[in-house]
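Quick note: the sequence shown, position 38, residue 41 per the numbering used here, numbers continuous. Everything below concerns the one structure shown next.
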Amino acid sequence: MLRISDQITIEDWELTEQFIRASGPGGQNVNKVSTAVELRFEAERSPNLPQPVKTRLRKLAGRRWTKDGAVVIQVDDTRSQARNRDLARERLAELIEKATHKPKRRIPTKPTLGSKKRRLQAKKQRGEVKSLRGKVDPEN
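Here is the structure:
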């Protein structure tokens, strides 16, 4: 069982782990031992996640979200299978924790009178500079 918060816990039946061979360094060991872990969490079918959290999780997961509504996390950071397994669970918990926080709604503000005046003054000055760039008349 994976505990995310006081309200949200993920049961073991919702998680499936598959061990695969890792790429990268490891010498001859890398060809023999399946140390990389692929953790799959059936998020869409999970009874423990509220719908708004699922929606935010889908957005946060990005490419890790599959068509059938699962989150797939791959970890091959270390040469230890147990450590990779722990890292995958930590990352999943982090992702779900992030999805539980409702983002603050942005309230659009209007520009102040002073900022409007400063903008118009700057435009006027720029216009004057450009108008003085004309050709010089040799007669004057």
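Using N, Cα and C, we set each Cβ at its ideal position, and we do this for glycine too.
Its chain contains V40 as the residues whose beta carbon lies nearer than 6 Å to that of R88, once the 5 sequence neighbours on both sides are disregarded; these appear in chain order.
For V40, the uninterrupted beta strand (DSSP E) segment begins and ends at 39-44.
Inter-residue distance for Q128 and R121 is about 11 Å (C-alpha atoms, whole angstroms). The Cβ atoms of I76 and L52 do not sit closer than 8 Å to each other. Under DSSP, W16 shares a beta bridge with no residue. Approximately 7 Å separates the beta-carbon atoms of T12 and L5; this is inside 8 Å, confirming the contact.
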